[in-house]
Amino acid sequence: MALITVKNKEVYTEGEEPGYDRSVVYYNKNTELWLTLHTILQEEWDELENSHMGVLYRFTKLKFNWASNVVRSMLTMQVACKKKYEIWNVVGVQPLHFSLNEFEHITGLNCEYKEAPTKPTTVDTDEMKDFWGKLGVNEKLGPSINNLLAACKWAGEWSREDRLRLGYLAIYAGFTSSTG
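Position 33, counted from 1, in the sequence shown is what the UniProt record's numbering calls 33; the numbers after and before it change by one each time, with no gaps.
Right, here's the structure in full:
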């Protein structure tokens, strides 16, 4: 029988762990954020919901009882491995293995092999600096959920591309940020 370790270090036998009393919607402000976005971005909403990032929004429609920490782990907790054709993620205490082909088919991400750069680089284009300026946040820190909610008030005047950026950012932030 598999054992499950929870945050407070109690150990439960699989199938006998206590039920969740709150869902991911309780721990995040994503419900308020997404309702606001749905109102502001009516023309773009179908595109956002049917995108690869939209799967995160669709989780809430299924009423999963997950804490945001579990979703954050799924998105960010990768184990370094020597085999370049494998991806190992950690979900809780359980490692989860995907070949690159499986991961590509599940996520829709491009998983073609690339030579590892010596140092990952990002380019802050003028266009992206302008977008961060529209959000009214520090470029280095990025926005909080409260910043995104505030930006929804004036996003109606933005270009379609900037409204989509706000939508994608809000979907991601709504699931991975548990505080404003």
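Ideal placement from N, C-alpha and C gives every residue a C-beta, glycine not left out.
Query                                                                                                                                                              : Result
Apart from the five residues on each side of it in sequence, which residues of its chain come closer than 8 Å, Cβ to Cβ, to Trp-45?                                : Leu-37, His-38 and Gly-167
Tell me where the alpha helix (DSSP H) around Lys-134 begins and ends.                                                                                             : 126 to 135
Starting from residue 182, trace the alpha helix (DSSP H) both ways and give me its first and last residue.                                                        : Any question about residue 182 goes unanswered here, given that the chain covers just 1 to 180.
What whole-angstrom Cβ distance do Ile-171 and Leu-56 have, given they're in contact under 8 Å?                                                                    : 5 Å
Smallest Cα separation from Gly-136: which of Glu-127, Asp-126 and Ala-150?                                                                                        : Ala-150
Alpha carbon to alpha carbon, how far is Cys-152 from Trp-132? Give it in angstroms, no decimals.                                                                  : 14 Å
Out of Ile-40, Leu-35, Gly-142 and Trp-34, which one is the CA nearest neighbour of Glu-157?                                                                       : Ile-40
Using only CA atoms, which one of Arg-165, Asp-130 and Ala-155 lies nearest to Leu-48?                                                                             : Arg-165
Please report the distance separating the alpha-carbon of Lys-82 from that of Asn-101.                                                                             : 17 Å
Excluding five sequence neighbours on each side, which residues of the same chain lie with their C-beta closer than 8 Å to the C-beta of Arg-160?                  : Glu-43 and Glu-44
Should Glu-139 and Lys-129 be called a contact, given that it needs their Cβ atoms to be closer than 9 Å?                                                          : yes
Would you call Leu-33 buried or exposed, if buried means 16 or more other Cβ atoms sit within 10 Å of its Cβ?                                                      : buried
In terms of residues, what are the limits of the alpha helix (DSSP H) holding Leu-48?                                                                              : 45 to 49
Run the CB neighbour count on Arg-163, radius 10 Å, all protein chains shown included, and call it buried at 16 or more, exposed below.                            : buried
If you drop the 5 nearest sequence neighbours on each side, which residues of the same chain put their C-beta closer than 7 Å to that of Met-53?                   : Tyr-168, Ile-171 and Tyr-172
How would you call Gly-142, buried or exposed, if buried means at least 16 neighbouring beta carbons within 10 angstroms?                                          : exposed
Count the other CB atoms, across all protein chains shown, that sit within 10 Å of the CB of Leu-148; report buried if there are 16 or more and exposed otherwise. : buried
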